[in-house]
Amino acid sequence: MDLLQASAVSKRYGGIAALSGAEFHAAAGEVHALLGENGAGKSTFIQILAGAVRPDEGMINFDGAPFRAANPSAAQAAGISAVFQELSLIPDLTVEQNIWFRHEWRSPLRMIRRKALREKTLELFARYAFPAIAPDQEVRRLTLADRQVVEIAKALARDPKVLILDEATSSLAPRETEWLLGLATRFAGEGRLVIYISHRLQEVRQVAKRVTVFRNGQTVAAHDTASVSDDEIITEMLGRRMERLYPERRDTATAKLALKVRGLSAGSRLRDVDFDLREGEVLGVGGLQGHGQRELFQALFGIGKSRGSIELWGREMTARGPRQALTGRDGIALVPEDRRGQGLLLSKSVRENLTLAVIPRFSSGGILSARREKALVAEMMTFLRIKAKTPDQVAGTLSGGNQQKVVFGKMLLTEARVLLLFDPTRGVDVGTKGEIFTLMRDLAAKGYAILFYSSDQPELVHVADRVAVMQNGRMAAILEGAGISEDGILRAAMIEKH
Amino acid sequence: MTAADVPATDAAANRRRARLIDRAPFLVACVMLVVLLAVYAALREGVFTLDELNVDTAAALTLILAATGQTIVLLRGGIDLSIGGMISLGTVLAATRFGDTLAGSAIWTVLILLIGFGVGAINGLLISVLRLQPFLVTLATWSILSGAALLILPIDGGSLPGAWMSAGNATLLGLSTSVWLLVILFVFWLWFRETRLGLTIRATGSNEKSAFLSGVSLTRINVATYGLSGLFAALAALYLTTQTGTGSPTIGKDYILPSVAAAVIGGISLFGGRGGLAGTIVGAFILTIIGNLVFVLSVSSYWQPVVSGVILLVAVLASSLAERSARRSLT
Ligand SMILES: Nc1ncnc2c1ncn2[C@@H]1O[C@H](COP(=O)(O)OP(=O)(O)OP(=O)(O)O)[C@@H](O)[C@H]1O
Ligand SMILES: [Mg+2]
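Protein chains in written order, with the numbering used here: chain C, 2 to 499; chain F, 5 to 335.
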């Protein structure tokens, strides 16, 4: 007997069909993966299950009875908890206040019992072996990865029968990813259902017993994971065959230095970092998450205070700050970690977001050339396959992966030749991932210099020419050639150095 | 990154620093109040006496009550201009309806409070159901309420029962009614902010979408938020009549912007989610002491808004600096 059955579920947003007749069946006791390219309708579907969005049509059966949740709390009360792709924590509340929000224990005077919050939080953390997070920390101070973990705690706190994870691993480090996969397996083992959305097939293979594939808002296939190959799944997702994910490695690096960094320090998280980035090179940045990678990217881009010397194309950089992005070919461009917070203006259109940083390029003598802008935007949207109805669709309504593509496109349009890519493929589907990697290699061949961090280790191994491994804010090692492997990165990251 | 990845002491120190930065606007307000008091004490005798406390609290309490409602609304991420109209209407109703009997006063006190809550609740409903800007909705209700007040009593007048006046100006254990009311108000706040409603209002102001996804009914929260604001405006009106002894159909407008200013000076973020009543009270006292200073210096009373404005700028600057350094310490 299936715990959850959904049939002919449809949802339109204005002229956009997010779902058109999707089918989904899942049984208790399994981890069920939901796959599909960016904009396929996965998030829309689970938002419907979780009561955050109302379907236009369709039938859902849950636990043997028709089910329709009017809002998220109704769905939770019925036993369905979701970790949404775009996090839904409250920044000014603490971790424990967020986890138990609206479910607090209260004293006879109706006051929230802080001690109970603390105890129950620690209990929950212990029960599922959560990574250490201070329960009294305000959420706005947490890193994206920690917020993700808190969000998971919040979903589990309702003790649901169905746990929905929408790209929950996309911002997690390998260690936390392993933890979450273990948690999902265990949760399903208790006779409950996990619906697992991810663009990482490796993970899906590791946890999911069954997969359902969506394409263009419809269900195109459902299988036992063991009975299909990755290639078959990818073909189903994309509707076409994909030749290969990782492009051929070509050595395009020249002797010319794009970046020469010496003694770069920032706060206590980035200490005395030296490295060179050459023209035509893709330099990977690895190591356990939180060992200074983020700070390195920010210091290079000029966010916050830092010390040390940075030479850009042979010239010492003095005036630092995000304005570098505006200075064209000699500048630096960044794909930031938090696309909703830093990368995008969610209420603006795709077109405005793409061209925001490069307005000077479309204006001759102060007059904006609408035609040139339109042409470039159209080109970028086709190139990155940004799935938007028109360039004027509001960025906040794009699917998660498509938002990430807009951020990427915005950076490309600056024409800066030193690119800082902080997890540029987060939430991007395999098809587009392959295109982004190919693009990175092509740009490198054209003389761009790319610093590349990824929370997905294999990407570093297959795309970067060299990998710098960070540990406690320092560069612990720089791996080259045959030395680059997932194992090698891990070993370099773990070896104690003082 | 997880906390385990950085040395624990480092994390704890960071957290302490962050807390301090968060409280910076409030601390700056406290420092400003102390400085103003010092200046005041240098100009006048007997500033640090119970008498002075009683007098100043009486002068500040109407603003404090109005600003308490405003604080709740600001924490929700909104703004309430209608308190101006409600305060006028409240004083006018009290001055014309109380009569001489205790029963009359009691009934109308309750009625005025109900009207305050009801008008606020309507504000909340309009904002959520019609999805209108709080600024516009409360601007409209301010106008309506002011008009109603003028229809009932075109010019200042009416009268309040003697017992009502003396109750509002009594002393107990050396402290005036106003000080006792302030204490009660603060105790209320200590309770309120720990309730689920208090937390939810703040949470909704912090991030509305997240709150909604966590099961908050935005309509209900808006009704409660603006209802409370209206209720506090009505309380402010009732208290004000014990000080003036008359009804005034135009007096409310003097409290609209100062109520926002008191909250902002005390460190309440206009973007919602952050701050508390202690700050607002400090802010209201700062504005009151500025009034006193202008008086003892016997300069033109038009200096009062000038100085208040400067103080407001300092406060806003302090919170934006704190905000910026908080962001920097995050990276
Ligand atoms: N509020 C909205 N307004 C307009 N269109 C929307 C809205 N929400 C979603 N869509 C559209 O519906 C489609 C499906 O989006 P959805 O978020 O479900 O995709 P997804 O499969 O989760 O993709 P991803 O892998 O990128 O997260 C997209 O084309 C998206 O632009
Ligand atoms: Mg999605």
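For each residue, glycine too, the CB sits at the ideal point set by N, CA and C.
For Ile126 of chain F, the enclosing alpha helix (DSSP H) stretches over residues Leu106 to Val133. When the Cα atoms are used, Arg193 of chain C and Tyr129 of chain C turn out to be separated by approximately 15 angstroms.
In the structure shown, Leu420 of chain C falls within a strand segment according to DSSP collapsed to helix, strand and coil. Gln149 of chain C has its alpha-carbon roughly 20 angstroms from the corresponding atom of Glu296 of chain C. No Cβ-Cβ contact shorter than 8 angstroms links Gly309 of chain C with Arg242 of chain C. Within chain C, the residues placing a beta-carbon under 9 angstroms from that of Val220 of chain F are Ser74, Phe102 and Arg103, ordered along the chain.
Chain-ordered listing is empty here: chain F has no CB closer than 9 angstroms to the CB of Met318 of chain C, the nearest sitting near 18 angstroms. Contact annotation: in the region 229-242 of chain F, no residue has its CB less than 7 angstroms from a CB in chain C. In this structure, the C-beta of Asn403 of chain C approaches ligand 1 to less than 7 angstroms from one of its heavy atoms. Ligand 1 has no heavy atom closer than 7 angstroms to the beta-carbon of Asn354 of chain C. With contacts defined by Cβ atoms closer than 8 angstroms, Phe46 of chain C and Leu5 of chain C do not form a contacting pair. Membership of Ser182 of chain F in the alpha helix (DSSP H) is indicated by the continuous run Thr181 to Phe196. The residue from C:Met238, C:Leu461 and C:Asn99 with its alpha-carbon nearest to that of Gln138 of chain C is C:Asn99.
Residue pairing for Glu58 of chain C: DSSP places it in a beta bridge opposite C:Ser11.
For the pair Phe423 of chain C and Leu385 of chain C, the CB atoms are not nearer than the 8 angstroms cut-off.
The C-beta of Phe85 of chain C comes closer than 8 angstroms to at least one C-beta of chain F. With a cut-off of 7 angstroms, the C-beta of Leu399 of chain C is classified as near ligand 1, since at least one heavy atom of the ligand falls inside that distance.
Contact between the region 442-457 of chain C and the region 418-432 of chain C is present: three or more C-beta pairs spanning the two stretches fall below 8 angstroms. Taking the Cα of Arg80 of chain F as reference, the smallest distance to any Cα among F:Ser273, F:Ile205 and F:Thr248 is reached at F:Ile205.
With respect to Gly270 of chain F, Thr292 of chain F sits apart: the two C-beta atoms are not nearer than 8 angstroms. Leu31 of chain F has its alpha-carbon roughly 38 angstroms from the corresponding atom of Met318 of chain C. Look at the region 243-298 of chain F and you find these whole runs of alpha helix (DSSP H), each 4 residues long or longer: 260-269. If only uninterrupted beta strand (DSSP E) runs of at least 3 residues are considered, those enclosed by the region 99-172 of chain C are 163-167.
With fewer than 16 other Cβ atoms from the protein chains shown falling within 10 Å of its own Cβ, Asp160 of chain C counts as exposed. Chain F has a Cβ within less than 8 angstroms of the Cβ of Gln138 of chain C. Chain-ordered, the chain C residues with CB closer than 9 angstroms to the CB of Thr199 of chain F read Arg107, Leu110, Arg111, Met112 and Ile113. Contacts with chain C at 8 angstroms (Cβ-Cβ) do not include Gly280 of chain F. Ligand 1 approaches Thr45 of chain C closely enough that one of its heavy atoms is under 7 angstroms from the residue's Cβ.
Neighbourhood of Leu316 of chain F in chain C, by CB distance below 8 angstroms: empty, with the nearest CB roughly 23 angstroms away. Listed along chain C, the residues sitting closer than 7 angstroms to Ala215 of chain F by beta-carbon distance are Ile91. Using a CB distance cut-off of 8 angstroms, Leu94 of chain C counts as an interface residue toward chain F. Take Leu297 of chain F, set aside five residues on each side of it, and the residues of its chain with a beta-carbon closer than 8 angstroms to its own are Leu40, Val43, Tyr44, Leu47 and Val311, in chain order. With fewer than 16 neighbouring CB atoms inside 10 Å of its own CB, Leu140 of chain F falls in the exposed class.
Fewer than three pairs of CB atoms, one per stretch, sit closer than 8 angstroms, so the region 221-237 of chain C makes no contact with the region 277-285 of chain C. DSSP places Ala153 of chain F in the uninterrupted alpha helix (DSSP H) bounded by Pro138 to Ile156. Scanning C:Phe25, C:Gly16, C:Asp3 and C:Ala417 for the CA closest to the CA of Val10 of chain C turns up C:Phe25.
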